[in-house]
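Q: Heads up: the sequence lines are chains A and B, in that order. The first sequence begins at 598 in the numbering used here and counts up one residue at a time. The second sequence begins at 598 in the numbering used here and counts up one residue at a time. Dumping the structure here so I can ask a few things about it.
Protein chains: 2
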Amino acid sequence: MATIVRVNMETKEITQEEAGKYNSYGSRGFIARFMTDEVDPTCEPLGIKNKLIICTGLLGGTMVSSSGRLSVGGKSPLTNGIKEASSGGTAANDMARHGIRAIIFEKLPAAGDKNTYVLVISEESIKLEVMNELLHMGARNTIKTLRQKFSEKAGIICTGPSGEYMMKGAGVVCAAPKGEMRFAARGGMGAVMGSKRIKAIVIIPAVTSKMKYFDKAVFDEAAKEYHKMLIDAMPTIKKTNQLYGTTGMFKIVNELGLCPTRNFTLGAFDQHKEIGGEKMVELIQARGGEGKTGQSCMNGCMIKCMSTFPDENGKSICSTVQYENLSLLGSNLCLASLDSIARLNDKVNDLGLDAIETGAALGIAVEAGIAEFGNEESFMKLLNEIEAATPLGRVIGSGVKTTGEVFGINDLPMSKGQAFPGYDPRALKGNGVTFAMTSQGGDHTTGNLYGARATMPPLACEGQGDLSRKTQLQMAGLENMGFCIFSRSYLFKKPELFTKFAYGICGDKMTVEEFWEQGHETARLEYEYNVKSGISPAQDKLPEYMYRVPLPPHDSVFDLSDEEMQKGRLN
Amino acid sequence: MATIVRVNMETKEITQEEAGKYNSYGSRGFIARFMTDEVDPTCEPLGIKNKLIICTGLLGGTMVSSSGRLSVGGKSPLTNGIKEASSGGTAANDMARHGIRAIIFEKLPAAGDKNTYVLVISEESIKLEVMNELLHMGARNTIKTLRQKFSEKAGIICTGPSGEYMMKGAGVVCAAPKGEMRFAARGGMGAVMGSKRIKAIVIIPAVTSKMKYFDKAVFDEAAKEYHKMLIDAMPTIKKTNQLYGTTGMFKIVNELGLCPTRNFTLGAFDQHKEIGGEKMVELIQARGGEGKTGQSCMNGCMIKCMSTFPDENGKSICSTVQYENLSLLGSNLCLASLDSIARLNDKVNDLGLDAIETGAALGIAVEAGIAEFGNEESFMKLLNEIEAATPLGRVIGSGVKTTGEVFGINDLPMSKGQAFPGYDPRALKGNGVTFAMTSQGGDHTTGNLYGARATMPPLACEGQGDLSRKTQLQMAGLENMGFCIFSRSYLFKKPELFTKFAYGICGDKMTVEEFWEQGHETARLEYEYNVKSGISPAQDKLPEYMYRVPLPPHDSVFDLSDEEMQKGRLN
Chain A
598 MATIVRVNME TKEITQEEAG KYNSYGSRGF IARFMTDEVD PTCEPLGIKN KLIICTGLLG
658 GTMVSSSGRL SVGGKSPLTN GIKEASSGGT AANDMARHGI RAIIFEKLPA AGDKNTYVLV
718 ISEESIKLEV MNELLHMGAR NTIKTLRQKF SEKAGIICTG PSGEYMMKGA GVVCAAPKGE
778 MRFAARGGMG AVMGSKRIKA IVIIPAVTSK MKYFDKAVFD EAAKEYHKML IDAMPTIKKT
838 NQLYGTTGMF KIVNELGLCP TRNFTLGAFD QHKEIGGEKM VELIQARGGE GKTGQSCMNG
898 CMIKCMSTFP DENGKSICST VQYENLSLLG SNLCLASLDS IARLNDKVND LGLDAIETGA
958 ALGIAVEAGI AEFGNEESFM KLLNEIEAAT PLGRVIGSGV KTTGEVFGIN DLPMSKGQAF
1018 PGYDPRALKG NGVTFAMTSQ GGDHTTGNLY GARATMPPLA CEGQGDLSRK TQLQMAGLEN
1078 MGFCIFSRSY LFKKPELFTK FAYGICGDKM TVEEFWEQGH ETARLEYEYN VKSGISPAQD
1138 KLPEYMYRVP LPPHDSVFDL SDEEMQKGRL N
Chain B
598 MATIVRVNME TKEITQEEAG KYNSYGSRGF IARFMTDEVD PTCEPLGIKN KLIICTGLLG
658 GTMVSSSGRL SVGGKSPLTN GIKEASSGGT AANDMARHGI RAIIFEKLPA AGDKNTYVLV
718 ISEESIKLEV MNELLHMGAR NTIKTLRQKF SEKAGIICTG PSGEYMMKGA GVVCAAPKGE
778 MRFAARGGMG AVMGSKRIKA IVIIPAVTSK MKYFDKAVFD EAAKEYHKML IDAMPTIKKT
838 NQLYGTTGMF KIVNELGLCP TRNFTLGAFD QHKEIGGEKM VELIQARGGE GKTGQSCMNG
898 CMIKCMSTFP DENGKSICST VQYENLSLLG SNLCLASLDS IARLNDKVND LGLDAIETGA
958 ALGIAVEAGI AEFGNEESFM KLLNEIEAAT PLGRVIGSGV KTTGEVFGIN DLPMSKGQAF
1018 PGYDPRALKG NGVTFAMTSQ GGDHTTGNLY GARATMPPLA CEGQGDLSRK TQLQMAGLEN
1078 MGFCIFSRSY LFKKPELFTK FAYGICGDKM TVEEFWEQGH ETARLEYEYN VKSGISPAQD
1138 KLPEYMYRVP LPPHDSVFDL SDEEMQKGRL N
């Protein structure tokens, strides 16, 4: 059975207990169950009663391809509701190999305690170290410093300065093998980490895995079958995921006219070819040096979607530039240069910020007259303000809602206080249902209908609610296991594999239907948690302007009926 | 029957209609009923669907003493719920004498329309004028400019620059006879006015009143009886209200240890004698010149609580410095000089800001390290930033919630996003019930238990819920009529007068019980509106730190039971 580590930040007491009933829960499911059991829904997100949950999926530590994602959860300072944000990187597998399913940070350091803490997990001990030299250090150097000190192979979870400043746009960083910054980006979980004065968690790899299986034979059989599917698909994977990661979408999203452009006022960027996936791969290959495609962010991953984008001299600028960054930090800011986007992206990463939230806030900053579309320098200046924690920087770092409110701008691309990712719901209406209805705020990872465009026309008004609901259920199931979205198309063809994986680890026997029902339970617990938090269904909506202001090129508005929207509710 | 004026800010169409069923509603009751009927509770407060309601009480225009208060309502950008804020000044009586119960501003100017509008009401016409010369003008000069242009006796309702910038701490200003600034301060109604680009409403007095009575004889009889009570009490009124206004409280509030001091960390200010009502009157009398006590802010008022505080040369600094200003802009900022407080108060007024919200935000600014307790200049500097609409100024002008969130400060003296007025709920627990339970956010005007201290000990844990509820009901009844709180002690002795006033104007026959029930209806409508807005009862609470951190000198925490709190709910 896995264990749960609890760290009381007030007393500094650290305890470890058997996971008990939580042994069957991973990732988002763990967070939903645990929050429901232990965290007062009315608590203040940055107050003493909130807990920061760092956990693995059910398959963490198994080395099954793409199953080692890390989940970070708690009550969100951005949405004021429940939050789960997940990340690639190596730490989840490292945690699981120490036998740990979850680390829970409780309480707050006493008011006078201004130390910066690091939790260090090794085979010998789990302890809190004071490392004030890390105060306000960028995420890149934090990872580097900690690996130099503890182990070059250590799993590292950390905040950037934005989290330490408790900016609501702050995410939690999880290091990939070479120190690349992966992100549990959304919902301001970095601010929760900052409130507890935890700068980082260091997991020194276990020589021998303490990961427990209920029935390893059944598990291995399922893993073999899944990996066979990946091997069979490898020629395609190599031409798509390993080359482009998620950036291949950029071209299509522009063709479909649903790409956030010019602060969500257009659905296509006229210079999209300059910053699309094809251009990115062309530059990576032409520039060489540290530039690479087809890297894996966690051990055991066969899909390898990570890439490193180099400058003209072959020196890495940023890894990975993903689709959401191309849109939110690119087209949304009218930046037609991949170098510009990569530089901004890297800076946002180093600050520990969610690139989606920050890109959307920078779009609002242009509307406020303090930055200029197409002008990288004007945006970098604002990121430098965030780094310096000036009042202006703190505003932008707080995300799109605070930025809009402070500058008196009402039309904001968000729901429940969280910025929309790279899909304008006026032209991908199913995502409008998801953004409005999910308990996670504007978040595509809970049910993205982009992938269903062949069968569900993005502009259709009927059927979007049902499909959003179905997709939300599937994603919750997938996420509970710790799987990356890139495994979806394989595993969904054979969902029996999920039940075998679960049985192999926990001994839980279930049908495929029962497996999906587990996803539904997660979503239902999240919904109920939010209602108790004081978030009522009246808040399940999109911003008014998206119902009124048409989006070129389709000149479409968001016009799904209330009835259609309600079909997407997962209560 | 009274009329309702509607101004469509998109088409600029102005219409006037009979009040119909609304003829029986004034002030807070009118706003609760009208919002329920016409304004989508889920609408964005600064968006196209919100409406700005300017209305009088039922007794507006009658010249009954202290009955001419103005109410401003709409959906609040600060609390995201329903809001009624009320003010002294001459405009409500002027409106009523034109036969107008309410002015409703609907929609928004088109995106390209950047004009500054003034609504001008005269006996000849009601029209919108473009007056771009008023853009971002301080409230004092706005009043002066408009009276010079239209009539020295015109009723003026306006915003300061903070409202035009749509800062959430902005109130609506209503001019007293000599241009003194009175305030419908709370809930950010100035920002709603700013969103509609209405800088001011000018009401040129009607030569002949169009105010209608159903039965003038009954009304006059009641008025006579009420005025007789005031005349009988005049020796006391002269020694109290006319000298001190609300500032006489300051000494007692300090003795009781419930005075917000040093950013709500202490309950008494050691230098309270330097800034109390006695000191204020002493300085007004000694300095002379424009300094005066016993002024009335509206025609017909016999209580005359307004005063003008002069500088050493007898030149007016501010009128009126009230209790809430002494505490929020004084003790809360550790300022031991009435001159300092008066200068800050005047500046806050001129900017069009709520002094309570702004004083609380300035307290948080000290915590954030950008101002210094006891240092007037450090606070004036921040007010100048608000005037210049710098990012920092916009943050402070947005009130205590935004200021805290931006600076990463979690312990904020507020409920539902609105700052607490001058009563720390840890030492006046009944007000804690009111602040948490009222639909209006942290607001003492909805049910202040300070006045009940002789019979209900401020620190008692039992009975506060029931008493808060009773007081909330009474205040809603009083406010529906348009009465000032200073009339409370007289009218509550003879509540039959309320029913006679109502019958005299509208012909509504009711018992005293039915009159109180009208107040309850107002509160119930507000509660139901908020629930539909997405504000759930889970938000009916005080900040966590007030349950945990003791307040000197009593070292009391807020410790009422949930059961006790629920007794204060008015649903």
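Note that the Cβ used here is the ideal one computed from N, Cα and C, for glycine as well. Computed from a predicted model, the values in this text were never measured in an experiment.
Give me whichever residues DSSP pairs with T858 (chain B) in a beta bridge.
A: Paired residue(s): B:L863.
Q: CA-CA distance, L1139 (chain B) and K711 (chain A)?
A: 26 angstroms
Q: Under 7 angstroms Cβ to Cβ from K807 (chain A), same chain only, skipping five residues before and after it: list those, please.
A: Excluding positions up to five away in sequence, the list reads R694, H695 and G696.
Q: Between which residues of its own chain and S928 (chain A) is the CB-CB distance below 6 angstroms, once the five residues before and five after are set aside?
A: Once the five neighbours on either side are set aside, the close Cβ partners of S928 (chain A) are C856, T858 and F866.
Q: Just checking K741 (chain B) against the ligand PLP - is the residue's beta carbon closer than 6 angstroms to any of the ligand's heavy atoms?
A: This structure lacks the ligand PLP; in fact it carries no ligand of any kind.
Q: Hey, could you find the ends of the alpha helix (DSSP H) Q919 (chain A) is sitting in?
A: Here Q919 (chain A) belongs to no alpha helix (DSSP H), and DSSP marks it neither H nor E.
Q: In the structure shown, what three-state DSSP assignment does K680 (chain B) receive?
A: strand
Q: What does S995 (chain B) reach in chain A if we use C-beta pairs closer than 8 angstroms?
A: E1002 and V1003
Q: What do you reckon, are the CB atoms on I601 (chain A) and A616 (chain A) nearer than 7 angstroms?
A: yes
Q: Counting Cβ pairs, one atom from each stretch, are 3 or more of them under 8 angstroms apart for the stretch 722–731 of chain A and the stretch 961–972 of chain B?
A: no
Q: Contact between the stretch 624–642 of chain B and the stretch 798–805 of chain B is defined here as three or more beta-carbon pairs at a separation below 8 angstroms; is this criterion met?
A: no
Q: Using a beta-carbon distance below 7 angstroms, is N860 (chain B) in contact with chain A?
A: no
Q: Under a CB-based cut-off of 7 angstroms, is M632 (chain A) close to chain B?
A: no
Q: Go to Q1061 (chain A), then tell me how far its alpha helix (DSSP H) extends in each direction, as first and last residue.
A: Per DSSP, Q1061 (chain A) belongs to the alpha helix (DSSP H) from Q1061 to M1078.
Q: Should the stretch 1061–1073 of chain A be called in touch with the stretch 606–624 of chain A, which here means at least 3 C-beta pairs below 8 angstroms?
A: They do not touch, by the three-pair rule.
Q: What residue from A:I645, A:N647, A:T1000 and A:G678 has the CA that sits closest to V1128 (chain A)'s CA?
A: Nearest of A:I645, A:N647, A:T1000 and A:G678 to V1128 (chain A), Cα basis: A:G678.
Q: According to DSSP, simplified to helix, strand and coil, what is P758 (chain B)?
A: helix
Q: Per DSSP, what are the beta-bridge partners of S1153 (chain A) in this structure?
A: A:L1148
Q: Just list the alpha helix (DSSP H) runs in the stretch 723–793 of chain B, keeping only unbroken ones of 4 residues or longer that don't cross its boundaries, in chain order.
A: 736–746, 758–761 and 786–792
Q: Please report the residue range of the alpha helix (DSSP H) in which K796 (chain A) lies.
A: From DSSP, K796 (chain A) is part of no alpha helix (DSSP H) but of the beta strand (DSSP E) over I795 to I800.
Q: At the level of alpha carbons, what is the spacing between R884 (chain B) and P1149 (chain B)?
A: C-alpha separation (whole angstroms): 35 angstroms.
Q: Ignore the nearest five residues each way along the sequence and tell me which others in G752 (chain A)'s own chain have a CB closer than 6 angstroms to its CB.
A: T687, A688, D691 and I800
Q: From the DSSP secondary-structure annotation, give me the bridge partner or partners of K1026 (chain A).
A: Bridge partners of K1026 (chain A): none, in fact.
Q: Is DSSP giving C1169 (chain A) helix, strand or coil here?
A: Nothing can be reported for residue 1169 (chain A): it is not among the residues displayed for chain A, which extend from 598 to 1168.
Q: Straight-line CA distance for E982 (chain B) to G994 (chain B)?
A: 9 angstroms
Q: Enumerate in chain order the residues of its own chain whose CB-to-CB distance from S1130 (chain A) is below 8 angstroms, with the five nearest sequence positions on each side excluded.
A: P638, T639, K672, N677, G678 and I679
Q: Could you pull out every residue in the same chain whose Cβ sits closer than 6 angstroms to the Cβ of G1044 (chain B), ignoring the five residues on either side in sequence?
A: T1031, S1065, T1068, Q1069 and M1072
Q: Looking at the unbroken alpha helix (DSSP H) that takes in M977 (chain A), where does it start and where does it end?
A: Where M977 (chain A) is concerned, the enclosing alpha helix (DSSP H) starts and stops at E973 to E984.
Q: On the DSSP letters alone, give me the boundaries of the alpha helix (DSSP H) that Q1037 (chain A) sits inside.
A: That residue, Q1037 (chain A), is in no alpha helix (DSSP H); it is neither H nor E in DSSP.
Q: Do you know offhand how far I961 (chain A)'s Cα is from L1009 (chain A)'s?
A: 8 angstroms
Q: For chain A, check one thing: does any of its Cβ atoms lie closer than 7 angstroms to the Cβ of Y762 (chain B)?
A: yes
Q: Can you list, in chain order, the stretches of the beta strand (DSSP E) that have 3 or more residues and sit fully within the stretch 609–636 of chain A?
A: With a minimum length of 3 residues, the continuous beta strand (DSSP E) runs that stay inside the stretch 609–636 of chain A are 611–615.
Q: Check for me: the alpha helix (DSSP H) holding P832 (chain B) runs from which residue to which?
A: K813 to K836
Q: Between A1135 (chain A) and chain B, is there a C-beta pair that is closer than 7 angstroms?
A: Chain B, which has a Cβ nearer than 7 angstroms to the Cβ of A1135 (chain A), makes this yes.
Q: Hey, is L643 (chain B)'s beta-carbon within less than 7 angstroms of any beta-carbon in chain A?
A: yes
Q: Going by DSSP in three states, V602 (chain A) sits in which element: helix, strand or coil?
A: strand
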